[in-house]
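8 protein chains.
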Amino acid sequence: MSDRPFAQPDFEREARWGLPEVVLGIGKTAAQIAEIVGRLRDANSGPVLVTKTTQSAYDAVLAVAPEAEFFVDAKLIRLPRPPVVSAGTIGVLAAGTADLPVAEEAALTAEAAGASVERIYDVGVAGLHRLLDRMDRIRLCEALVVVAGMEGALPTVVGGLTGLPIVAVPTSVGYGTSLGGVAALLGMLNSCTPQVVAVNIDNGFGAGFFAALITRKLA
Amino acid sequence: MSDRPFAQPDFEREARWGLPEVVLGIGKTAAQIAEIVGRLRDANSGPVLVTKTTQSAYDAVLAVAPEAEFFVDAKLIRLPRPPVVSAGTIGVLAAGTADLPVAEEAALTAEAAGASVERIYDVGVAGLHRLLDRMDRIRLCEALVVVAGMEGALPTVVGGLTGLPIVAVPTSVGYGTSLGGVAALLGMLNSCTPQVVAVNIDNGFGAGFFAALITRKLA
Amino acid sequence: MSDRPFAQPDFEREARWGLPEVVLGIGKTAAQIAEIVGRLRDANSGPVLVTKTTQSAYDAVLAVAPEAEFFVDAKLIRLPRPPVVSAGTIGVLAAGTADLPVAEEAALTAEAAGASVERIYDVGVAGLHRLLDRMDRIRLCEALVVVAGMEGALPTVVGGLTGLPIVAVPTSVGYGTSLGGVAALLGMLNSCTPQVVAVNIDNGFGAGFFAALITRKLA
Amino acid sequence: MSDRPFAQPDFEREARWGLPEVVLGIGKTAAQIAEIVGRLRDANSGPVLVTKTTQSAYDAVLAVAPEAEFFVDAKLIRLPRPPVVSAGTIGVLAAGTADLPVAEEAALTAEAAGASVERIYDVGVAGLHRLLDRMDRIRLCEALVVVAGMEGALPTVVGGLTGLPIVAVPTSVGYGTSLGGVAALLGMLNSCTPQVVAVNIDNGFGAGFFAALITRKLA
Amino acid sequence: MSDRPFAQPDFEREARWGLPEVVLGIGKTAAQIAEIVGRLRDANSGPVLVTKTTQSAYDAVLAVAPEAEFFVDAKLIRLPRPPVVSAGTIGVLAAGTADLPVAEEAALTAEAAGASVERIYDVGVAGLHRLLDRMDRIRLCEALVVVAGMEGALPTVVGGLTGLPIVAVPTSVGYGTSLGGVAALLGMLNSCTPQVVAVNIDNGFGAGFFAALITRKLA
Amino acid sequence: MSDRPFAQPDFEREARWGLPEVVLGIGKTAAQIAEIVGRLRDANSGPVLVTKTTQSAYDAVLAVAPEAEFFVDAKLIRLPRPPVVSAGTIGVLAAGTADLPVAEEAALTAEAAGASVERIYDVGVAGLHRLLDRMDRIRLCEALVVVAGMEGALPTVVGGLTGLPIVAVPTSVGYGTSLGGVAALLGMLNSCTPQVVAVNIDNGFGAGFFAALITRKLA
Amino acid sequence: MSDRPFAQPDFEREARWGLPEVVLGIGKTAAQIAEIVGRLRDANSGPVLVTKTTQSAYDAVLAVAPEAEFFVDAKLIRLPRPPVVSAGTIGVLAAGTADLPVAEEAALTAEAAGASVERIYDVGVAGLHRLLDRMDRIRLCEALVVVAGMEGALPTVVGGLTGLPIVAVPTSVGYGTSLGGVAALLGMLNSCTPQVVAVNIDNGFGAGFFAALITRKLA
Amino acid sequence: MSDRPFAQPDFEREARWGLPEVVLGIGKTAAQIAEIVGRLRDANSGPVLVTKTTQSAYDAVLAVAPEAEFFVDAKLIRLPRPPVVSAGTIGVLAAGTADLPVAEEAALTAEAAGASVERIYDVGVAGLHRLLDRMDRIRLCEALVVVAGMEGALPTVVGGLTGLPIVAVPTSVGYGTSLGGVAALLGMLNSCTPQVVAVNIDNGFGAGFFAALITRKLA
């Protein structure tokens, strides 16, 4: 290992998680990402994902994994392989158009972790009827990922309308006192309904993974 | 004035505001409060209010103004005199039981400033049907004061159901990351609906006054 | 809706607000903005606005709405159509030259919501006589939007000189401990005069809309 | 309802949550708590809980519900009635002795929501062998609640040793830059393992409820 | 020195500052304060001051310095001796009644440092005429200390009306987003007029000393 | 004024301050800056300054004021005209090389306000002997401006070595927990020596002006 | 262990650290502290310490360990037993009288961990000569613990005068913007000299332990 | 010195530190850096380092010191000369690939200060076995530098497995609530193990220097 000490991917994660180690693109060079992807591909059988990444990293990944796909909006690279576990149906809700990149990161991760995903977008509470009109589809899910920026009220409102577990994802969408997503996060952590748990700002990956995990089906 | 330099009450406010200067109890001694109340009573004709005050201040006020009332929950002293202006109907909504002191401060202030007040309490969004059941009464108001702690989502949700102007009051109710009301305030400032403006945490007085002001009727 | 799931504009807002849904440009692609504008134009009759947007979004909007105007300073796109409601006269005050983009966002929004706007700019309190010289024009308004960065003292000072309702807008103008507008916001929330309510930093849209709303005239 | 407007308990929650509405003791008087408990007892069949409460509230509750129990350490009142739903086995881990009140709040809530609870206390990472020695018991659980103050590293470390879903609860234990639990919360939100979701500081109730919810068994 | 290692008062300060070392009462026991006062009295000739102190410290000081005076409102103990230097006339302005303790700390310190003090209290900007009526007295001063809590606008407004140097003192008066005086401090640091410098929250001592220092007269 | 409402420069400031209004470059376009400079030049006789500005603003200013100078390091434009008042000798100290732009802004402002300036640079406390070697020059000044980033200890140390009034300027130099200068500012506000007052982060202009003001000589 | 699950003291620490596990008094009951002390006494041979504790905990400890000492100022209980390792000479410096409790916590811990301690107190930088007079004693140490509140400049200044490793301890001494010690901590983290590392606010224990550790002598 | 007043390098540091003054690249121009490097090279005999620097600064340095090396990942320029002191073996651990630049800054600094460095990278706690596998190499070191972003748990975990002194370096790696490294820093300051001290975010230089200093060997 001494000749490339910068990374020792954790090949045991696929066994522990039902998903290979996922590469966070932030702070890594394109070359580093490509090398890690190549090694993860060889050591695992499930879909390999890179999150919060760029076109130039994708170009480097293509050189070692020509089958790689790039989801521009979600800023996510995927090596399309079948999930190694099976999970339930996850509803991924997004409050506004600007929340879509994070929502897609969650949805694609949940699919890679074996879930079926129902996408329910642009249901912010400023027009509450849009959400109420979708409650039938929402109630068919086993768990929800709810993505919202600004005041982050959507998970709380959804929690007032259903009993499902909700993984809330604050986004950095907004300006001024949105404080890069902190306002939305605080709204979610202080939610007056206990079905709501939170992940880090913009962490669609974590939310999608967790939602799949809690609906995982035994083989 | 040199013998009591600590306060020169602003007797012009009744003319400018339609309400005598209101005394903030914080940081003043009982004796100071009593003296200021006495002087405001003499110089004005409308109801005199002391906010965020205590039983001991009330005792001191009684010595100079035996007609004074004390609203324990609202921590508010009132000299009961008829308002000098007339305003519209204000709905005061509170999310939870713990928000009542601030809601009552708002309601009593709005009444002193000439408004009629409709109290609509315990309509937090964790049980959304409670709010939906009250929408008929809410829609009859001309302006709303919406009081909420924790995640502060109630003003946003109300704004998704009606077109009325909403003065949102964050409360310091909560714990942990409620940060003494900052979480609720941020939720209100980042509300995705533009009918919502905010006042300081626990500032029921300001919200009640402002709501009365924007519905003031010409004589 | 499944073929373009990213946005479901809220066509009921024009009825509820007297103004079609306003598009926040932040976090949306030019193509997304253009499509939403097109759909809002078809479903509403009032002026359609895009705030905090860019030249490239304007170029995309022009393709679907050739009549669109772009106000560069205000970073605002407008489809020029008559307001569907009528409101009163709003004074829009700005403390300094650097506050003008936000002040113009407020003024243009208030006009789109049916108000007449009196623009009163560069009246910061460092030269108090400039403000005092304008008080006659200010007192003719029915409500005020007061825009200020740095220490945000202007709304408080104006509140000491008039009894009008004031919607204060902190701007992100300043440096160092202005903290991107947080200093000005705190100044406004802690104003010692209760005529002052606040909106989010740089939220000229919200302030202009709210000021128009509280002066709306019945048909 | 007009004669006691301060609270309208949400009786639908038992159906939606599998647990009656839980009363947060903060900000409510003893008399208010006792009245709400009485009404919840009549309208529901499951265990009624009051969290973050005091001896004086317990005294008041005893007058209306003599069967009530008070868990002093957990600051929790319980009306001992069988759960109305059935859930799986939850491991509740606590890093240090000072974290026990919150851990017990989580454990008692999970039990009220139908779960079996495995208590695994004083396994902070400063003596890692204490945790490693307990991993066998931990791996038998279906979900974990991990309670920690100070640096909040325990959920991350547990996540490096097992694939179970982890609901992390930061506590306000610590001093100085623990910032009342914010340091631990940030540690959990930034956890490098995606099995970890977080709830508000000291929110044992939310964590215990959520863990039970995701392991709920169909009747 | 080894028998009382806890303090080695700095006897050179009287020569450097024109005022003996001033004892900050916070964090010291009554016995420690009394001993330090006694040693400062012996080693210096000017007035000895203890700030932010208590009745019990005063009792202890009386035992070693029977001539000591206690200013209850200002929380300040003084050994009344003539100043060793001579300074100019300082105006000390306070916005509200609750700001008086800090204003008095500033005034008493400035007097001990040789200045004459003009006290101008309760001139908050919510009633601007009160300030305008006092401008003649203010303009006769050589430097100003301006004390204000809440939004902290007073120094900026005064700076718009005069060219004098202003030492602004934020106070911890207020609630909610006053953040214990941080809002007022930020308002002062971001003042749009450059005559304003700031000291720490509630630091009347520092402001009074500095104002005297910059008006010091040569013997 | 209606044809160019964006700015109404305050021509009275030269009389009040002894310096024409100084233009803050941030948030203004080059064209706006040039126009304001032109108008200030016509209405005042002293040096006109633009701070925190750019080469492109300088280019625009040159078109209306060919005599304008640009100090690249200080980011300051100056119209070189003799000061209209006379002030004393100011020492401007800077802790490190990276603090020089702010120090130069202070020095050039003080000179424009009539002061003589002694520049004493690179005397950070990590090598205390460098400062001690300069104390003779420092003690000849009447007031000091002390500029420092990082931990901001220099003003406190200088205050331990001399009795001069010190205007401390925190700079945004540093990284990580320097928090853009907040660490240095807090260090200065909490200085254990009362000769130190503070201005906003990077506000060399304010510090230089204030130091000149307090040493102003009567004509 | 199941009969007292609240604590499982880490008896391996004495071997790993050269000091038994130290009990943090915060958040533990007197009974819990006494029990833990008793068990640590039995399982270890070195001095047992309880930090940040109270008289009532001491009373409880005396019942199980009559030899226990209580250092009131340091809020520290000690079972006086000889250290099991030997370390070098540590200088413990404190800036002011109010910093002594934390300094004593550091000194007593270092002694328990085998070090000799030189106490050098009240050497704050406001009177720099007091520090310079002690430099000879300071230079004889092998490592320093430097304790300071307020602006926290002392470690930086000491680092400018010696090449010794410095463990800086911010204290919560101060008021206003000292922010409970955060100002001092930031000053230490941003120190311009690299000999300085920091521990948590008021963490005398950690600093004393670390200083002893880095000077430990081989047997 | 008057002809180049911007910098007076501290040539005494090599004697005091065993390392010449190290140049922080931030906030200095390439020309300034080159000049300072040239002067340091002439006045010292040990390795000269520039940290947090750029290619353009390196180009300028090459003109005066052609032997200079540039470590792109570490953003560090080095004049390769033998250390003037000798130190022990330092283990530099990094949690993830993105932490490598800071880890390399620490390693190169420690080497310049005379230490031998053992690099142990990519041992984040999400895959704990990777760390456990390396403990044998870690235990051979005399002191550790542990570099981690995100939740910053690695130093605490390492401290639970060894008794070595640990200098923890938080990195700005992460997103959302990592807050630019503040989350990791807080995790380290609140570490439940007392072997851990912290330096500023991304301050690899300080950590590497300090670790070398505490293992320095006498000649």
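So the protein sequences, as listed, match chains A, B, C, D, E, F, G and H. Heads up: the first sequence begins at 263 in our numbering, then just goes up one per residue. Heads up: the second sequence begins at 263 in our numbering, then just goes up one per residue. Heads up: the third sequence begins at 263 in our numbering, then just goes up one per residue. Heads up: the fourth sequence begins at 263 in our numbering, then just goes up one per residue. Heads up: the fifth sequence begins at 263 in our numbering, then just goes up one per residue. Heads up: the sixth sequence begins at 263 in our numbering, then just goes up one per residue. Heads up: the seventh sequence begins at 263 in our numbering, then just goes up one per residue. Heads up: the eighth sequence begins at 263 in our numbering, then just goes up one per residue. Think of the CB as a built atom: it goes at the ideal place given N, C-alpha and C, for glycine as much as any other residue. Computed from a predicted model, the values in this text were never measured in an experiment.
*Report all residues from its chain with a CB closer than 6 Å to the CB of residue 442/D; omit the five preceding and five following residues, and keep chain order.*
434
*For the region 445 to 456 of chain C against the region 397 to 407 of chain C, are there 3 or more C-beta pairs whose distance is under 8 Å?*
No, the region 445 to 456 of chain C is not in contact with the region 397 to 407 of chain C.
*Should residue 479/H be labelled buried (16 or more other beta-carbon atoms within 10 Å of its own) or exposed?*
Exposed.
*Rounded separation between residue 390/H and residue 335/A - CA only*: 33 Å
*Alpha carbon to alpha carbon, what distance is there between residue 374/D and residue 474/D?*
9 Å
*Whose C-beta lies closer than 7 Å to the C-beta of residue 465/G among residues of the same chain, with five residues either side of it excluded?*
These residues qualify, in order along the chain: 431.
_Contacts that residue 292/E makes with chain B (C-beta to C-beta distance below 9 Å)_ = None at all; the shortest Cβ gap to chain B is about 24 Å.
_chain G residues whose Cβ lies nearer than 7 Å to that of residue 462/H_ = What residue 462/H touches in chain G: 451 and 452.
*Taking the alpha helix (DSSP H) that residue 371/H falls in, what are its first and last residues?*
362 to 374
*Count the CB pairs spanning the region 271 to 287 of chain C and the region 379 to 399 of chain B that are closer than 8 Å, and state whether there are at least three.*
no
*asked:* My output table needs one value for residue 297/G: the three-state DSSP class, helix, strand or coil.
replied: helix
*Answer with yes or no whether the minimum CB distance from residue 437/F to chain H is below 7 Å.*
yes
*Who are the Cβ neighbours of residue 296/A in its own chain at under 6 Å, not counting the five residues just before and after it?*
322, 323 and 326
*In chain order, what residues of the region 317 to 336 of chain D put their CB closer than 8 Å to some CB of chain J?*
Chain labels in this structure do not include chain J; the protein chains are A, B, C, D, E, F, G and H.
*Determine which residues share a DSSP beta bridge with residue 333/B and list them.*
338/B
*Element boundaries [beta strand (DSSP E), containing residue 487/B]*: This structure does not reach residue 487/B, given that chain B is present from 263 up to 481, and the question cannot be answered.
*asked:* My output table needs one value for residue 378/A: the three-state DSSP class, helix, strand or coil.
replied: strand
_Against residue 476/E, what residues of chain F qualify as contacts under a CB-to-CB distance less than 7 Å, listed in chain order?_
427 and 476
*Grouping DSSP H, G and I as helix and E and B as strand, with all else coil, what is residue 264/H?*
The predicted position of residue 264/H is uncertain, since its pLDDT is 34 and thus under 50; a value taken from the coordinates is nonetheless stated next. The three-state reading of DSSP puts residue 264/H in coil, since its state is none of H, G, I, E or B.
_When you compare the CB positions of residue 461/F and residue 419/F, do they come within less than 7 Å of one another, or not?_
no
*Where does the unbroken beta strand (DSSP E) through residue 489/H begin, and where does it stop?*
Outside the shown range of chain H, which is 263 to 481, sits residue 489/H, and nothing can be said about it.
*Please report how far the alpha carbon of residue 477/A lies from the alpha carbon of residue 299/A, in whole angstroms.*
27 Å
*Beta-carbon proximity list for residue 318/A, same chain, < 6 Å, skipping 5 on both sides*: 292
_Contact belief for residue 313/F with residue 286/F at Cβ below 8 Å, rounded distance in angstroms_ = Correct: roughly 6 Å between the Cβ atoms.
_Under 7 Å between C-beta atoms of residue 379/D and residue 341/D_ = no
*asked:* As a quick exercise: from 436/E, 384/E, 444/E and 472/E, pick the residue whose alpha carbon is nearest that of residue 416/E.
replied: 384/E
*asked:* Can you check which of these residues, 436/D, 394/D, 453/D and 344/D, is closest to residue 438/H by C-alpha distance?
replied: Residue 453/D holds the alpha-carbon nearest to the alpha-carbon of residue 438/H among 436/D, 394/D, 453/D and 344/D.
*How is residue 455/G classed by DSSP in three states: helix, strand or coil?*
coil
*Taking residue 420/C as part of the alpha helix (DSSP H), name the residues at either end of that continuous run.*
Start and end: 416 to 421.
_Endpoints, beta strand (DSSP E) assigned at residue 346/H_ = Looking at the DSSP string, residue 346/H is not in any beta strand (DSSP E), and its letter there is neither H nor E.
*asked:* Among 445/E, 381/E and 372/E, whose alpha-carbon lies nearest the alpha-carbon of residue 346/E?
replied: 372/E
*Is residue 264/G close to chain F, meaning its C-beta is less than 7 Å from at least one C-beta of that chain?*
Any reading at residue 264/G must be qualified, since the residue scores a pLDDT of 34, below 50, and its modelled position is unreliable; the value itself is stated next. Taking Cβ atoms only, chain F never reaches closer than 7 Å to residue 264/G, which makes this a no.
*Tell whether a beta-carbon distance below 7 Å holds between residue 329/E and residue 467/E.*
No; because the gap between Cβ atoms is not below 7 Å, this pair is not in contact.
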